[in-house]
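Numbering-wise (this note's numbering), the sequence shown opens with residue 348 and increments by one. Presented below is the structure to which this report refers.
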Amino acid sequence: MLGFLKNPIVVTVEINMNLLALTVMGLISRLRGLSYPRAVVFDEVYYGQFVSLYMKRIFFVDDSGPPFGHMLLALGGYLGGFDGNFLWNRIGAEYSLNVPVWSLRLLPALAGALCVPLAYQILVEMHFSHCAALGGALLILLENSLITQSRFMLLESILIFFILLAVLCFLKFCNSQSYSAFSGSWWFWLLLTGVACSCAVGVKYMGLFTYMLLLVIAGLHFWHMVEDQNLSNVSLMCHFVARGLALIIIPVTMYLSFFYVHLALLYRSGPHDQIMTSAFQASLEGGLARITQGQPLEVAYGSQITLRNVLGKPMQCWLHSHKNTYPIRYDNGRGSSHQQQVTCYPFKDVNNWWIVKDPGMQQLVVSNPPRPVRHGHIVQLVHGITTRYLNTHDVAAPLSPHAQEVSCYIDYNISMPAQNLWRVEIVNRESDTDVWKTILSEVRFVHVNTSAVLKVSVRLSGASLPEWGYRQLEVVGEKLSKGYHQSMVWNVEEHRYGKSQEQKEREVELHSPTQMDISKNLSFMARFAELQWKILTLKNEDTEHKYSSSALDWITMDTNIAYWLHPTSGAQIHLIGNILIWASANVAALIYLCLSLWYLVRRRRRIYDIPEDAWQLWVSAGRICVGGWAVNYLPFFLMEKTLFLYHYLPALTFQILLIPVILQHLSSHLCRSLLSKSMFSAFIVAWFSSVYLVYCTFSPVTYGAPSLSVTELKDLRWKDSWNILIRKH
């Protein structure tokens, strides 16, 4: 029974020394001196704020992309014991002792280091020689810009890692297709492709470009499979379902999971709450939730409410009135009604409270049982403090003469009767009998007499009233209303059931907090949908940055970015690439396009310059390398945003992988004699030596050490357009 013990147990392990050596060199190049400089470097000032908010569980919105990349940076802070207490307000600021600099920069550095062996494996899986794969990986290793970008708390190296991982997994899946379809390894690589794609998109939306490229290539592969008569209809359907599951369902599910974790971690109210709806704000701990917790859900006649405009631009504001009246005449000579002003006020105030009144009754309290207000009901809105009725009439608004003035009616005993009836229209209703609900219902108020809709004036800079209106936002009655613009939509934010009929008692009541037992928690999908929409539509004002550039500047590297400057010495860090690698990548792309055109024309005339398997290898390499470069570069010509050189790095990575493809192709198919092969090999050695020399030359501004003299810094300005910082003593 124990006979198997007579022989020793032997485990055989194969180690690819090329892969091991590349991994070690990648780790050394990216990790050495990682804590230097111990100061905020360029966009660390931006991402560091989000890391601190994660540590404190405070909600935020970043319009630059999804939350997965931010969470990975925060994971580094968590592993290092960061408490989030640091003021990220200035590039170059020295980190305090509580900031674990090495830990915060670790994950981007590891991702950048692992891109080196990934490049090697990708070229091997594309069926190029190990020598070519080794050369491609060394180019990634010696690319100064990739080193710089991976050594700080930035996202590009993480994005490139997941992009390359997705490409590698997809290639391994395709290669296993021919001999082991539906095997364990086949499923593993297919599923991992979907996971890597979702991670790439979750880090930055730029990852979507490579994801779409792989989906197109996968679609082409499946289309060719349809021609295979050896595959049954059932087998084809299984292949289709498997690809749909792994490349669409799983990435979408994972993408949702990123937001689920993001929202689960950030449960506290913070500075970004104001751009979210009242319902979203009420779901966070603190802030609005402290005010709205326990409010009545259904708005009834006699309810005391505050009305928040849904648009939230140029700032969040609430329907407001005060005792001041519109001036008899405006500066332009137009007259007004001289009625009580109605505005939209961007701060919480007791004058934001209104009472929902039944036009057929005089009481301003909620009856027992309460009578809820439904869609289509006619109401009057009574200002809580001044007890005047919300009114509009055929008088031009102060800033928007095409619209009607909105006021609180004052009876001057002149021929201007009150027009204070409003019809409640619930925009997001499920039926025409829906009840008006606190926070959840989005409503329009349509004036019964004139059909004008209550709205906040929308202008590029906001419609702020002059000094007589305290610079508050203009509210008007819009008669020509088409559709449901958000400036016309309001929601009840604070709500209580009024109990006091006497005005003095009511004023005391309006100043006091509400406490009733009702819950208004949003579902995850509702919160996700709102947050996703804000990320896609929220736009910060694009200002011209000193180091911003155009996409055309990137190809020839006519620009650079100064990341950090030592406060006293000449030590500095720049995002500058290895100019020889960049130039070689451009030449490789040009050679590929020219040769492809030449081969296509010749093949059209049935002249085959290279074998069919070499042609298929050439085409497949172009799909990945040239396609990857194109989809990660060309979309930037359509983007209206501030662009920087680091946006080009994912495209550059694919272009670098094309260099060994071109070199091997030239060596195998164009260098036919022994002499030409020897000369070509000597050229490659000389060229690689030059690449290494350029890498060493720019290493001081890649790593920030050693400090260079003024003369040495001037010698690094190989292009007049480069901004190398020279300190003036």
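Note that CB positions come from ideal geometry on N, CA and C, so glycine has one too.
Write down the C-beta distance between residue i and residue j rounded to the nearest angstrom, noting that I regard them as a contact closer than 8 angstroms.
| i | j | result |
| --- | --- | --- |
| Gly549 | Leu1004 | Rounded, the Cβ-Cβ distance is 23 angstroms, inconsistent with contact. |
| Leu561 | Phe517 | 5 angstroms |
| Gln727 | Leu768 | 6 angstroms |
| Arg718 | Tyr607 | Incorrect: roughly 40 angstroms between the Cβ atoms, too far for contact. |
| Leu631 | Ser616 | 4 angstroms |
| Phe433 | Tyr442 | 7 angstroms |
| Ile773 | Gly731 | With a Cβ gap of about 23 angstroms, Ile773 and Gly731 do not count as contacting. |
| Pro764 | Arg681 | Going by Cβ atoms, the distance from Pro764 to Arg681 rounds to 22 angstroms, so no, they are not a contact pair. |
| Ser650 | His842 | 6 angstroms |
Taking the alpha-carbon positions, what's the residue i to residue j distance?
| i | j | result |
| --- | --- | --- |
| Val930 | Tyr939 | Residue identity check: residue 930 is Ala in the sequence provided, not Val. Rounded to the nearest angstrom, the two C-alpha atoms are 14 angstroms apart. |
| Glu1059 | Trp965 | 43 angstroms |
| Phe587 | Glu574 | 14 angstroms |
| Lys867 | Ala629 | Confidence in Lys867 is poor, its pLDDT being 48 and thus under 50, which makes the residue's placement too unreliable to answer from. |
| Ile622 | Ala873 | 15 angstroms |
| Lys296 | Thr903 | Past the edges of the chain, shown from 348 to 1076, lies residue 296, and the structure says nothing about it. |
| Asn363 | Leu481 | 12 angstroms |
| Ala479 | Tyr1042 | 20 angstroms |
| Asp781 | Cys691 | 27 angstroms |
| Lys353 | Gly373 | 44 angstroms |
| Thr989 | Ser897 | 9 angstroms |
| Asn838 | Thr785 | 7 angstroms |
| Asp960 | Tyr467 | 21 angstroms |
| Met863 | Glu645 | With a pLDDT of 39 at Met863, under the threshold of 50, the modelled position of that residue is not reliable, and the figure given next carries that caveat. Cα to Cα, Met863 sits roughly 12 angstroms from Glu645. |
| Arg735 | Ile757 | 7 angstroms |
| Thr370 | Val463 | 7 angstroms |
| Val357 | Ser450 | 39 angstroms |
| Arg498 | Val720 | 60 angstroms |
| Gln524 | Pro447 | 45 angstroms |
| Ile920 | Phe415 | 27 angstroms |
| Lys704 | Pro745 | 28 angstroms |
| Ile487 | Val822 | 58 angstroms |
| Tyr797 | Ser683 | The sequence shown places Thr at residue 797, rather than the Tyr named in the question. Straight-line Cα distance between these residues: approximately 18 angstroms. |
| Thr1044 | Val1057 | 15 angstroms |
Here's a check: name, in chain order, each residue in its chain whose Cβ is nearer than 6 angstroms to the Cβ of residue i, leaving out the five neighbours to either side.
| i | result |
| --- | --- |
| Glu840 | Ser625, Thr653, Arg655 |
| His417 | Phe397 |
| Leu538 | Ala593 |
| Ala421 | Val398, Tyr401 |
| Ser1054 | Ser916, Gly917, Ala918 |
| Gly541 | Ala593, Leu594, Ile597, Pro598 |
| Leu801 | Phe792 |
Give the DSSP-derived three-state secondary structure of residue i in the structure shown.
| i | result |
| --- | --- |
| Tyr844 | strand |
| Arg791 | strand |
| Cys516 | helix |
| Leu1060 | helix |
| Trp769 | strand |
| Pro719 | strand |
| Met863 | In this prediction, Met863 has a pLDDT of 39, which is less than 50 and means its spatial position is unreliable; nothing more can be read from the coordinates. |
| Asn796 | coil |
| Trp435 | coil |
| Leu1017 | coil |
| Glu472 | helix |
| Trp783 | coil |
| Ser1023 | helix |
| Trp911 | strand |
| Ile954 | coil |
| Gly659 | coil |
| His892 | coil |
| Ala743 | strand |
Quick one: residues in its chain with C-beta nearer than 7 angstroms to the C-beta of residue i, no 5 flanking neighbours on either side, listed in chain order?
| i | result |
| --- | --- |
| Leu922 | Ser492, Thr495, Gln496, Asn907, Ile908, Tyr910, Leu992, Tyr993 |
| Cys1018 | Lys1024, Phe1027 |
| Ile865 | For Ile865, the predicted structure reports a pLDDT of 37, less than 50, and the residue's modelled location is therefore unreliable. The matter cannot be settled from this model. |
| Phe509 | Ala543, Cys546, Ala547, Val550, Gly554 |
Under 8 angstroms from any heavy atom of the ligand GTP, does the C-beta of residue i make it?
| i | result |
| --- | --- |
| Asn656 | Judged by which ligands are present, the structure shown has none, so any question about the ligand GTP falls away. |
What residues in its chain sit with their C-beta under 8 angstroms from that of residue i, if we drop five residues either side in the sequence?
| i | result |
| --- | --- |
| Val408 | His619, Ile622, Met623, Leu878, Lys881, Ile882, Leu885 |
| Ala528 | His586 |
| Thr557 | Ile510, Ala513, Val514, Cys544, Ala547, Gly975, Val978, Asn979, Pro997 |
| Gln663 | Gln621, Ile622, Arg655, Asn656, Pro693 |
| said: Whether or not the region 789-798 and the region 710-719 are in contact is what I'm after, with contact meaning three or more pairs of Cβ atoms, one per stretch, closer than 8 angstroms; do they touch? | reply: No: the two stretches stay apart, fewer than three of their Cβ pairs being nearer than 8 angstroms.
(request) Would you be able to state if there are at least three C-beta pairs under 8 angstroms between the region 961-978 and the region 1037-1053? (result) Contact annotation: the region 1037-1053 does not touch the region 961-978, with fewer than three C-beta pairs closer than 8 angstroms.
Is it true that the region 680-694 meets the region 810-824, where meeting means three or more beta-carbon pairs spaced less than 8 angstroms apart? Yes, since at least three Cβ pairs between the region 680-694 and the region 810-824 fall closer than 8 angstroms, the two stretches touch.
Does the region 939-953 come close enough to the region 444-460 that 3 or more CB-CB pairs lie under 8 angstroms? Result no; under three Cβ-Cβ pairs closer than 8 angstroms.
**Prompt:** With contact counted as at least three CB pairs below 8 angstroms, one residue from each stretch, are the region 550-560 and the region 497-516 in contact?
**Reply:** Yes, since at least three Cβ pairs between the region 550-560 and the region 497-516 fall closer than 8 angstroms, the two stretches touch.
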